[in-house]
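To keep things clear, I will list the structure first and then write my remarks on it.
In my numbering, the protein residues as written are 869 to 1281.
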(Lines of atoms letter the chains of each structure in order from A and count residues from 1; the text may use other names and numbers.)
(Lines give C-alpha, C1' and ligand atoms only; values in the text may rest on other atoms or scores of the structure.)
Protein backbone atom coordinates (compact mmCIF):
# COMPACT_ATOMS: atom_id res chain seq x y z
CA UNK A 1 0.00 0.00 0.00
CA UNK A 2 1.33 3.46 -0.89
CA UNK A 3 0.23 5.17 2.33
CA UNK A 4 2.82 5.83 5.01
CA UNK A 5 2.60 7.31 8.51
CA UNK A 6 5.56 9.51 9.33
CA UNK A 7 6.04 12.72 11.27
CA UNK A 8 4.71 15.94 9.78
CA UNK A 9 7.44 18.55 9.58
CA UNK A 10 5.69 20.97 7.21
CA UNK A 11 5.53 24.44 8.82
CA UNK A 12 2.31 26.42 9.01
CA UNK A 13 2.24 29.31 6.54
CA UNK A 14 1.13 32.20 8.73
CA UNK A 15 1.46 34.73 5.92
CA UNK A 16 -0.94 33.22 3.40
CA UNK A 17 -1.49 35.66 0.54
CA UNK A 18 -5.14 36.48 -0.24
CA UNK A 19 -4.43 38.52 -3.37
CA UNK A 20 -5.35 37.12 -6.78
CA UNK A 21 -3.30 39.19 -9.20
CA UNK A 22 -0.34 36.85 -9.74
CA UNK A 23 -1.29 34.05 -12.13
CA UNK A 24 2.19 33.17 -13.34
CA UNK A 25 3.58 29.68 -12.72
CA UNK A 26 5.47 29.44 -9.46
CA UNK A 27 9.20 28.58 -9.74
CA UNK A 28 9.77 24.84 -9.50
CA UNK A 29 6.04 24.02 -9.54
CA UNK A 30 4.58 22.03 -12.42
CA UNK A 31 1.41 23.43 -13.91
CA UNK A 32 -1.66 21.32 -13.26
CA UNK A 33 -4.51 21.02 -15.75
CA UNK A 34 -7.82 21.61 -13.98
CA UNK A 35 -11.33 20.60 -15.05
CA UNK A 36 -14.06 22.38 -13.11
CA UNK A 37 -17.56 20.92 -12.75
CA UNK A 38 -20.31 23.06 -11.16
CA UNK A 39 -17.82 25.87 -11.63
CA UNK A 40 -20.12 28.71 -10.58
CA UNK A 41 -18.16 31.92 -11.11
CA UNK A 42 -14.84 30.11 -10.91
CA UNK A 43 -13.81 30.34 -7.25
CA UNK A 44 -12.07 26.97 -7.14
CA UNK A 45 -10.56 27.43 -10.56
CA UNK A 46 -9.35 30.96 -9.84
CA UNK A 47 -7.74 29.71 -6.64
CA UNK A 48 -5.76 27.21 -8.73
CA UNK A 49 -4.95 29.82 -11.37
CA UNK A 50 -3.50 32.11 -8.68
CA UNK A 51 -0.92 29.39 -8.06
CA UNK A 52 0.01 29.04 -11.71
CA UNK A 53 -2.30 26.21 -12.82
CA UNK A 54 -4.69 26.35 -15.78
CA UNK A 55 -8.25 25.28 -16.53
CA UNK A 56 -9.10 23.02 -19.48
CA UNK A 57 -12.87 22.75 -18.91
CA UNK A 58 -15.53 24.71 -17.03
CA UNK A 59 -18.98 23.19 -16.69
CA UNK A 60 -21.82 25.29 -15.24
CA UNK A 61 -25.60 25.13 -15.73
CA UNK A 62 -26.38 28.70 -14.67
CA UNK A 63 -26.44 30.99 -17.71
CA UNK A 64 -25.54 34.12 -15.73
CA UNK A 65 -22.55 32.37 -14.14
CA UNK A 66 -21.39 31.18 -17.58
CA UNK A 67 -21.29 34.79 -18.72
CA UNK A 68 -18.85 35.50 -15.91
CA UNK A 69 -16.78 32.42 -16.72
CA UNK A 70 -16.62 33.35 -20.39
CA UNK A 71 -15.36 36.80 -19.43
CA UNK A 72 -12.86 35.70 -16.78
CA UNK A 73 -11.63 32.48 -18.46
CA UNK A 74 -11.96 33.47 -22.14
CA UNK A 75 -9.86 30.67 -23.64
CA UNK A 76 -11.33 27.79 -21.64
CA UNK A 77 -13.91 25.38 -23.02
CA UNK A 78 -17.35 25.98 -21.50
CA UNK A 79 -19.97 23.25 -21.05
CA UNK A 80 -23.54 23.81 -19.90
CA UNK A 81 -24.72 20.54 -18.37
CA UNK A 82 -22.61 17.90 -16.63
CA UNK A 83 -25.11 15.29 -17.81
CA UNK A 84 -24.11 16.05 -21.41
CA UNK A 85 -20.44 15.24 -20.78
CA UNK A 86 -19.57 11.83 -22.16
CA UNK A 87 -15.99 11.73 -20.88
CA UNK A 88 -13.74 13.88 -18.75
CA UNK A 89 -10.95 15.74 -20.51
CA UNK A 90 -7.38 14.79 -19.74
CA UNK A 91 -6.59 16.68 -16.54
CA UNK A 92 -4.56 16.50 -13.36
CA UNK A 93 -7.27 17.90 -11.07
CA UNK A 94 -11.05 17.56 -11.18
CA UNK A 95 -12.86 20.15 -9.05
CA UNK A 96 -16.54 20.10 -8.19
CA UNK A 97 -18.21 22.45 -5.75
CA UNK A 98 -21.39 20.44 -6.20
CA UNK A 99 -24.83 21.96 -5.46
CA UNK A 100 -25.63 22.37 -1.78
CA UNK A 101 -29.36 23.17 -2.00
CA UNK A 102 -30.38 19.70 -0.79
CA UNK A 103 -27.65 19.49 1.87
CA UNK A 104 -27.79 22.95 3.44
CA UNK A 105 -29.19 23.58 6.90
CA UNK A 106 -31.42 26.30 5.42
CA UNK A 107 -32.14 24.46 2.17
CA UNK A 108 -34.60 21.76 1.18
CA UNK A 109 -32.76 19.04 3.15
CA UNK A 110 -33.61 16.35 0.60
CA UNK A 111 -30.10 15.02 1.02
CA UNK A 112 -27.68 13.48 -1.42
CA UNK A 113 -30.58 12.02 -3.44
CA UNK A 114 -32.07 15.45 -4.05
CA UNK A 115 -32.35 16.76 -7.63
CA UNK A 116 -29.48 19.23 -7.26
CA UNK A 117 -26.97 17.76 -4.80
CA UNK A 118 -27.59 14.33 -6.33
CA UNK A 119 -25.78 15.49 -9.47
CA UNK A 120 -22.54 14.55 -7.69
CA UNK A 121 -23.35 11.00 -8.81
CA UNK A 122 -22.89 12.09 -12.42
CA UNK A 123 -19.40 13.34 -11.58
CA UNK A 124 -18.53 10.12 -9.80
CA UNK A 125 -19.76 8.09 -12.80
CA UNK A 126 -17.55 10.16 -15.12
CA UNK A 127 -14.66 9.60 -12.77
CA UNK A 128 -15.23 5.84 -12.78
CA UNK A 129 -15.02 5.77 -16.59
CA UNK A 130 -11.95 8.03 -16.84
CA UNK A 131 -8.73 6.23 -17.79
CA UNK A 132 -6.28 6.97 -16.35
CA UNK A 133 -8.29 9.79 -14.84
CA UNK A 134 -7.15 12.83 -12.87
CA UNK A 135 -4.55 12.55 -10.13
CA UNK A 136 -6.67 14.60 -7.74
CA UNK A 137 -10.37 15.02 -7.04
CA UNK A 138 -11.41 18.14 -5.09
CA UNK A 139 -15.02 18.33 -3.85
CA UNK A 140 -16.54 21.16 -1.79
CA UNK A 141 -19.82 21.57 0.08
CA UNK A 142 -21.46 22.74 3.30
CA UNK A 143 -20.59 21.19 6.71
CA UNK A 144 -24.23 20.29 7.35
CA UNK A 145 -23.75 17.42 4.92
CA UNK A 146 -21.83 15.65 7.71
CA UNK A 147 -24.93 15.69 9.92
CA UNK A 148 -27.95 15.53 7.60
CA UNK A 149 -29.50 12.05 7.61
CA UNK A 150 -26.70 10.83 9.89
CA UNK A 151 -24.06 11.82 7.35
CA UNK A 152 -25.60 9.85 4.51
CA UNK A 153 -24.10 12.17 1.90
CA UNK A 154 -20.49 11.84 3.02
CA UNK A 155 -20.94 8.10 3.54
CA UNK A 156 -22.19 7.60 0.00
CA UNK A 157 -19.44 9.74 -1.53
CA UNK A 158 -16.50 8.17 0.27
CA UNK A 159 -17.86 4.65 -0.11
CA UNK A 160 -18.15 5.19 -3.86
CA UNK A 161 -14.61 6.54 -3.95
CA UNK A 162 -13.32 3.53 -2.01
CA UNK A 163 -14.95 1.18 -4.54
CA UNK A 164 -12.93 2.97 -7.23
CA UNK A 165 -9.70 2.49 -5.21
CA UNK A 166 -9.43 6.12 -4.15
CA UNK A 167 -7.84 7.16 -0.89
CA UNK A 168 -9.71 10.15 0.52
CA UNK A 169 -9.58 12.78 3.22
CA UNK A 170 -11.94 15.57 4.14
CA UNK A 171 -11.68 18.59 6.38
CA UNK A 172 -14.00 21.37 7.52
CA UNK A 173 -12.26 24.72 7.00
CA UNK A 174 -13.24 28.24 8.02
CA UNK A 175 -12.34 30.76 5.32
CA UNK A 176 -11.40 33.26 8.03
CA UNK A 177 -8.18 31.27 8.40
CA UNK A 178 -6.99 33.03 5.23
CA UNK A 179 -7.58 36.53 6.57
CA UNK A 180 -10.86 37.59 4.98
CA UNK A 181 -13.50 38.95 7.43
CA UNK A 182 -16.25 36.50 6.48
CA UNK A 183 -17.16 33.50 8.63
CA UNK A 184 -17.55 30.77 6.03
CA UNK A 185 -17.17 27.10 6.96
CA UNK A 186 -16.93 24.56 4.17
CA UNK A 187 -15.99 20.90 3.79
CA UNK A 188 -13.35 20.02 1.22
CA UNK A 189 -12.92 16.40 0.15
CA UNK A 190 -9.61 15.47 -1.46
CA UNK A 191 -9.15 12.07 -3.10
CA UNK A 192 -6.64 10.27 -5.30
CA UNK A 193 -5.89 6.84 -6.73
CA UNK A 194 -2.14 7.40 -6.79
CA UNK A 195 -1.29 9.72 -3.90
CA UNK A 196 -2.02 10.03 -0.19
CA UNK A 197 -4.38 12.99 0.26
CA UNK A 198 -3.80 13.25 4.01
CA UNK A 199 -0.50 15.16 4.00
CA UNK A 200 -1.92 17.76 1.64
CA UNK A 201 -5.23 18.30 3.40
CA UNK A 202 -4.56 17.35 7.03
CA UNK A 203 -0.80 17.80 7.30
CA UNK A 204 -0.76 21.38 8.58
CA UNK A 205 -2.69 22.71 11.51
CA UNK A 206 -3.13 25.93 13.44
CA UNK A 207 -5.13 27.13 16.41
CA UNK A 208 -8.03 29.45 15.79
CA UNK A 209 -7.64 32.85 17.42
CA UNK A 210 -9.53 33.30 20.67
CA UNK A 211 -12.95 34.90 20.09
CA UNK A 212 -12.53 38.64 20.28
CA UNK A 213 -14.63 40.98 22.34
CA UNK A 214 -17.10 43.10 20.45
CA UNK A 215 -15.61 46.40 21.58
CA UNK A 216 -16.17 48.99 18.86
CA UNK A 217 -15.83 46.48 16.01
CA UNK A 218 -18.37 46.30 13.21
CA UNK A 219 -20.57 43.20 13.51
CA UNK A 220 -22.32 41.33 10.72
CA UNK A 221 -25.75 39.75 10.99
CA UNK A 222 -28.64 38.47 8.88
CA UNK A 223 -31.35 41.14 8.75
CA UNK A 224 -33.65 38.54 7.15
CA UNK A 225 -33.68 36.48 10.36
CA UNK A 226 -34.26 37.37 14.01
CA UNK A 227 -36.55 34.59 15.21
CA UNK A 228 -34.18 31.76 16.13
CA UNK A 229 -30.83 33.28 15.18
CA UNK A 230 -29.16 36.22 13.51
CA UNK A 231 -25.89 34.80 12.18
CA UNK A 232 -23.98 37.15 14.49
CA UNK A 233 -20.30 37.69 13.62
CA UNK A 234 -17.90 40.04 15.43
CA UNK A 235 -15.57 41.93 13.10
CA UNK A 236 -16.80 39.80 10.19
CA UNK A 237 -19.88 39.05 8.16
CA UNK A 238 -21.82 35.80 8.44
CA UNK A 239 -21.59 33.57 5.35
CA UNK A 240 -22.72 35.32 2.19
CA UNK A 241 -25.84 33.59 0.87
CA UNK A 242 -27.20 32.98 -2.59
CA UNK A 243 -30.54 34.68 -1.90
CA UNK A 244 -34.07 33.41 -2.39
CA UNK A 245 -35.42 31.09 -5.05
CA UNK A 246 -36.81 34.22 -6.73
CA UNK A 247 -33.25 35.62 -7.00
CA UNK A 248 -34.02 38.38 -4.49
CA UNK A 249 -30.67 39.57 -3.08
CA UNK A 250 -30.18 39.01 0.66
CA UNK A 251 -26.82 40.56 1.57
CA UNK A 252 -25.87 40.55 5.24
CA UNK A 253 -26.27 43.69 7.32
CA UNK A 254 -23.48 45.28 9.32
CA UNK A 255 -23.78 47.21 12.58
CA UNK A 256 -21.23 50.01 12.89
CA UNK A 257 -21.50 50.93 16.59
CA UNK A 258 -19.23 53.96 16.35
CA UNK A 259 -21.54 55.54 13.78
CA UNK A 260 -24.76 53.95 15.03
CA UNK A 261 -25.26 52.82 11.46
CA UNK A 262 -26.95 49.69 10.14
CA UNK A 263 -25.61 49.21 6.62
CA UNK A 264 -25.31 46.76 3.76
CA UNK A 265 -22.00 46.19 1.91
CA UNK A 266 -21.71 46.82 -1.80
CA UNK A 267 -21.64 43.93 -4.25
CA UNK A 268 -18.03 44.84 -5.05
CA UNK A 269 -17.02 44.40 -1.40
CA UNK A 270 -19.01 41.16 -1.30
CA UNK A 271 -16.90 39.91 -4.19
CA UNK A 272 -13.79 40.89 -2.25
CA UNK A 273 -15.11 39.08 0.85
CA UNK A 274 -14.96 35.94 -1.31
CA UNK A 275 -11.43 36.77 -2.45
CA UNK A 276 -12.34 37.92 -5.97
CA UNK A 277 -11.42 41.21 -7.56
CA UNK A 278 -14.06 43.93 -7.17
CA UNK A 279 -16.27 43.74 -10.24
CA UNK A 280 -15.61 40.04 -10.91
CA UNK A 281 -19.29 39.29 -11.61
CA UNK A 282 -19.98 42.45 -13.60
CA UNK A 283 -20.70 41.74 -17.26
CA UNK A 284 -20.56 44.71 -19.66
CA UNK A 285 -24.05 45.74 -20.76
CA UNK A 286 -25.82 43.91 -17.93
CA UNK A 287 -29.36 45.05 -17.17
CA UNK A 288 -30.87 45.64 -13.71
CA UNK A 289 -32.05 42.03 -13.33
CA UNK A 290 -28.62 40.68 -14.21
CA UNK A 291 -27.02 43.08 -11.74
CA UNK A 292 -29.28 41.81 -8.94
CA UNK A 293 -28.25 38.26 -9.70
CA UNK A 294 -24.64 39.10 -8.85
CA UNK A 295 -25.47 38.62 -5.15
CA UNK A 296 -26.68 35.08 -5.83
CA UNK A 297 -23.54 34.26 -7.79
CA UNK A 298 -21.24 35.61 -5.10
CA UNK A 299 -23.17 33.92 -2.29
CA UNK A 300 -22.88 30.54 -4.00
CA UNK A 301 -19.19 30.93 -4.82
CA UNK A 302 -16.17 29.18 -3.35
CA UNK A 303 -13.72 31.43 -1.49
CA UNK A 304 -10.69 32.02 -3.71
CA UNK A 305 -8.05 32.00 -0.91
CA UNK A 306 -9.58 28.77 0.42
CA UNK A 307 -9.24 27.20 -3.04
CA UNK A 308 -5.77 28.66 -3.44
CA UNK A 309 -4.65 27.00 -0.22
CA UNK A 310 -5.84 23.63 -1.54
CA UNK A 311 -3.95 24.21 -4.80
CA UNK A 312 -0.83 25.17 -2.87
CA UNK A 313 -1.04 22.05 -0.73
CA UNK A 314 -1.26 19.71 -3.73
CA UNK A 315 2.25 20.68 -4.78
CA UNK A 316 3.73 21.01 -1.28
CA UNK A 317 6.19 18.54 0.19
CA UNK A 318 4.42 17.13 3.24
CA UNK A 319 3.90 13.98 5.27
CA UNK A 320 1.25 12.83 7.72
CA UNK A 321 1.25 10.78 10.91
CA UNK A 322 -1.94 8.76 10.93
CA UNK A 323 -0.84 6.67 13.91
CA UNK A 324 -2.20 9.29 16.30
CA UNK A 325 -5.70 9.16 14.77
CA UNK A 326 -8.55 7.11 16.15
CA UNK A 327 -10.55 4.65 14.08
CA UNK A 328 -13.66 6.06 12.43
CA UNK A 329 -16.31 3.67 13.69
CA UNK A 330 -19.21 2.82 11.39
CA UNK A 331 -22.44 4.38 12.55
CA UNK A 332 -20.74 7.00 14.73
CA UNK A 333 -21.24 10.72 14.01
CA UNK A 334 -18.97 12.03 11.29
CA UNK A 335 -16.24 14.29 12.68
CA UNK A 336 -15.15 17.60 11.19
CA UNK A 337 -12.13 15.88 9.60
CA UNK A 338 -11.49 12.27 8.61
CA UNK A 339 -9.75 10.01 6.09
CA UNK A 340 -9.97 6.59 4.45
CA UNK A 341 -7.29 4.43 2.83
CA UNK A 342 -6.38 0.78 2.45
CA UNK A 343 -9.66 -0.42 3.94
CA UNK A 344 -9.23 1.74 7.03
CA UNK A 345 -10.98 4.92 8.11
CA UNK A 346 -9.67 7.37 10.68
CA UNK A 347 -10.83 10.41 12.61
CA UNK A 348 -8.46 13.35 12.28
CA UNK A 349 -7.90 16.01 14.92
CA UNK A 350 -7.15 18.63 12.23
CA UNK A 351 -8.79 21.93 13.17
CA UNK A 352 -10.87 24.22 10.99
CA UNK A 353 -7.91 26.62 10.79
CA UNK A 354 -5.03 25.06 8.81
CA UNK A 355 -3.26 28.44 8.85
CA UNK A 356 -3.78 31.78 10.57
CA UNK A 357 -3.28 34.62 8.13
CA UNK A 358 -3.27 38.21 9.44
CA UNK A 359 -6.89 39.06 10.15
CA UNK A 360 -8.39 42.04 8.34
CA UNK A 361 -10.90 44.17 10.28
CA UNK A 362 -14.30 44.31 8.63
CA UNK A 363 -14.78 48.09 8.88
CA UNK A 364 -11.45 48.88 7.24
CA UNK A 365 -11.73 46.04 4.71
CA UNK A 366 -14.76 47.65 3.08
CA UNK A 367 -13.63 50.03 0.36
CA UNK A 368 -16.95 51.05 -1.21
CA UNK A 369 -19.88 53.06 0.11
CA UNK A 370 -22.13 51.19 2.52
CA UNK A 371 -25.84 51.40 1.72
CA UNK A 372 -28.11 52.17 4.64
CA UNK A 373 -30.42 49.25 5.43
CA UNK A 374 -33.98 50.34 4.66
CA UNK A 375 -36.29 51.45 7.45
CA UNK A 376 -38.76 48.68 6.57
CA UNK A 377 -36.11 45.94 6.65
CA UNK A 378 -34.64 47.24 9.92
CA UNK A 379 -38.05 47.54 11.58
CA UNK A 380 -39.02 44.03 10.52
CA UNK A 381 -35.80 42.58 11.88
CA UNK A 382 -36.11 44.51 15.15
CA UNK A 383 -39.69 43.38 15.63
CA UNK A 384 -38.71 39.73 15.22
CA UNK A 385 -35.69 40.16 17.47
CA UNK A 386 -37.65 41.75 20.31
CA UNK A 387 -40.29 39.00 20.19
CA UNK A 388 -37.66 36.27 20.23
CA UNK A 389 -35.84 34.73 23.18
CA UNK A 390 -32.44 35.46 21.62
CA UNK A 391 -29.78 37.19 23.70
CA UNK A 392 -28.36 40.41 22.31
CA UNK A 393 -26.69 43.59 23.46
CA UNK A 394 -28.94 46.42 24.56
CA UNK A 395 -26.69 48.79 22.59
CA UNK A 396 -27.51 46.85 19.43
CA UNK A 397 -31.25 47.13 20.04
CA UNK A 398 -30.99 50.85 20.77
CA UNK A 399 -28.97 51.45 17.60
CA UNK A 400 -31.57 49.58 15.56
CA UNK A 401 -34.21 51.96 16.97
CA UNK A 402 -31.92 54.92 16.28
CA UNK A 403 -31.39 53.77 12.71
CA UNK A 404 -35.14 53.53 12.10
CA UNK A 405 -35.80 56.99 13.54
CA UNK A 406 -32.93 58.62 11.64
CA UNK A 407 -32.92 56.55 8.47
CA UNK A 408 -31.17 58.00 5.47
CA UNK A 409 -31.44 56.18 2.14
CA UNK A 410 -28.18 57.68 0.85
CA UNK A 411 -24.99 55.66 0.67
CA UNK A 412 -22.67 56.18 3.62
CA UNK A 413 -18.93 56.34 3.05
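For every residue, glycine included, the Cβ atom is placed at its ideal position computed from N, Cα and C.
In this text the structure is predicted, and so the values were computed from the model without any measurement.
Take residue 1035 as the anchor and find which of 1043, 1061, 1028 has the nearest alpha-carbon. Residue 1035 sits at position 167 when you count from the first residue of the chain shown. Comparing Cα-Cα distances from residue 1035 to each of 1043, 1061, 1028, the minimum goes to 1061.
DSSP puts residue 1195 in a beta bridge; with which residues? Translated into the one-based positions of the chain shown, residue 1195 becomes position 327. Paired residues: 1214.
So the alpha helix (DSSP H) residue 1072 belongs to, where does it begin and stop? The sequence position of residue 1072 within the chain shown is 204, counting from 1. Careful: residue 1072 lies outside any alpha helix (DSSP H) and carries neither H nor E.
Classify residue 1098 as helix, strand or coil using the three-state DSSP reduction. Within the chain shown, the letter at position 230 stands for residue 1098. If DSSP states are grouped into helix, strand and coil, residue 1098 belongs with coil.
Please name the residue or residues paired with residue 1004 in a DSSP beta bridge. On the chain shown, position 136 is the one that residue 1004 refers to. Residue 1004 pairs with 961.
Within a Cβ cutoff of 8 Å, which residues of the same chain sit near residue 1147, ignoring the five residues on either side of it in sequence? Position 279 of the chain shown holds residue 1147. These residues qualify, in order along the chain: 1136, 1139.
Secondary structure of residue 1245, DSSP reduced to three states: The count along the chain shown starts at 1 and reaches residue 1245 at position 377. If DSSP states are grouped into helix, strand and coil, residue 1245 belongs with the helices.
Identity of the residues DSSP links to residue 902 by a beta bridge: Position 34 of the chain shown holds residue 902. The partner list for residue 902 (beta bridge, DSSP) reads 923, 961.
Nearest residue (CA-CA) to residue 936, options 1162, 1007, 1275, 1251: On the chain shown, residue 936 is found 68 positions in, with the first residue counted as 1. Among 1162, 1007, 1275, 1251, the Cα nearest to that of residue 936 is on 1162.
Taking DSSP as the reference, what is the three-state secondary structure of residue 1026? Taking the chain shown and counting its residues from 1, one reaches residue 1026 at position 158. In the structure shown, residue 1026 sits in a helix (DSSP, three-state: H, G or I).
Consult DSSP for residue 1088 and reduce its assignment to one of helix, strand or coil. Here residue 1088 corresponds to residue number 220 of the chain shown, with the count starting at 1. Three-state DSSP puts residue 1088 in a strand.
Just the C-alpha distance for residue 962 and residue 1005, rounded to the nearest angstrom, thanks. Position 94 of the chain shown, counted from the first residue, corresponds to residue 962. Position 137 of the chain shown, counted from the first residue, corresponds to residue 1005. Approximately 5 Å, taken between the alpha carbons.
Just to confirm my understanding: we take residue 946, look at its own chain, exclude 5 residues before and 5 after, and list those with CB closer than 7 Å. What are they? Numbered from 1 along the chain shown, position 78 holds the residue referred to as residue 946. So the qualifying residues of the chain are 926, 934, 937, 938.
Proximity of residue 1283 and residue 1169 at Cβ, strictly below 8 Å: Residue numbering for the chain in the displayed model covers 869 to 1281; residue 1283 lies beyond these limits and cannot be assessed.
Beta-carbon separation of residue 1026 and residue 1208 under 8 Å? Residue mapping note: residue 1026 aligns to position 158 of the chain shown, counting from 1. Residue mapping note: residue 1208 aligns to position 340 of the chain shown, counting from 1. Their beta carbons are under 8 Å apart, which means residue 1026 touches residue 1208 by this criterion.
Identify the residues that DSSP records as bridge partners of residue 1124: which are they? Mapped onto the chain shown, residue 1124 falls at position 256. According to DSSP, which records beta bridges pairwise, residue 1124 is partnered with 1129.
What span of residues does the beta strand (DSSP E) with residue 1206 cover, start to end? In the chain shown, counting from the first residue as 1, residue 1206 sits at position 338. Run containing residue 1206: 1205–1209, per the beta strand (DSSP E) assignment.
Neighbourhood of residue 1082 by C-beta, 6 Å cutoff - its chain only, sequence neighbours within 5 removed: Here residue 1082 corresponds to residue number 214 of the chain shown, with the count starting at 1. Around residue 1082: 1102.
Rounded separation between residue 1118 and residue 1065 - CA only: In the chain shown, the residue the question calls residue 1118 occupies position 250. In the chain shown, the residue the question calls residue 1065 occupies position 197. Taking the straight line from one Cα to the other gives about 37 Å.
Closer than 8 Å by C-beta to residue 1269: which residues in its own chain qualify, once you throw out the five before and the five after it? Chain order, please. As a working mapping, residue 1269 is identified with position 401 in the chain shown. Answer for residue 1269: 1250, listed in chain order.
Taking 8 Å as the threshold (C-beta atoms), are residue 1045 and residue 1225 in contact? Numbered from 1 along the chain shown, position 357 holds the residue referred to as residue 1225. Numbered from 1 along the chain shown, position 177 holds the residue referred to as residue 1045. Yes, Cβ-Cβ distance for residue 1225 and residue 1045 is below 8 Å.
Extent of the continuous beta strand (DSSP E) run through residue 1035: For the purposes of this step, residue 1035 is taken as residue 167 along the chain shown, with counting starting at 1. Here the beta strand (DSSP E) through residue 1035 covers 1035–1042.
Is it right to say residue 1033 is buried, meaning 16 or more other beta carbons lie within 10 angstroms of its own, or is it exposed? Taking the first residue of the chain shown as position 1, residue 1033 is located at position 165. When all chains shown are included, residue 1033 counts as exposed.
Classification of residue 1095 by the beta-carbon crowding that lies within 10 angstroms, buried from 16 upward: Here residue 1095 is taken as the residue at index 227 of the chain shown, counted from 1. Its Cβ having fewer than 16 others within 10 Å, residue 1095 is exposed.
Beta-carbon within less than 6 Å of residue 1272's beta-carbon, same chain only, minus the 5 sequence neighbours each way: which residues are those? Taking the first residue of the chain shown as 1, we reach residue 1272 at position 404. Once the five neighbours on either side are set aside, the close Cβ partners of residue 1272 are 1243, 1246, 1247.
Distance between beta carbons of residue 1067 and residue 1186, contact taken as under 8 Å: Position 318 of the chain shown holds residue 1186. Position 199 of the chain shown holds residue 1067. Contact flag correct, Cβ pair sits at about 4 Å.
Paired residues, beta bridge with residue 1178 - DSSP: In the chain shown, counting from the first residue as 1, residue 1178 sits at position 310. Bridge partners of residue 1178: none, in fact.
For residue 1060, list the residues DSSP reports as bridge partners. Counting from 1 along the chain shown, the entry for residue 1060 is found at position 192. According to DSSP, residue 1060 bridges with 1035.
Does the Cβ of residue 1009 have 16 or more other Cβ atoms within 10 Å, making it buried, or fewer, making it exposed? Within the chain shown, residue 1009 is the residue found at index 141, counting from 1. So residue 1009 counts as buried.
Can you list, in chain order, the residues of its chain whose CB lies under 8 Å from that of residue 1070, leaving out five sequence neighbours each side? Counting from one through the chain shown, the residue named residue 1070 turns up at place 202. So the qualifying residues of the chain are 1037, 1039, 1188, 1205, 1207, 1216, 1218.
Range covered by the alpha helix (DSSP H) that runs through residue 914: As a first step, residue 914 is located in the chain shown; it is residue number 46 there, counting from the start. From DSSP, the alpha helix (DSSP H) with residue 914 extends over 911–918.
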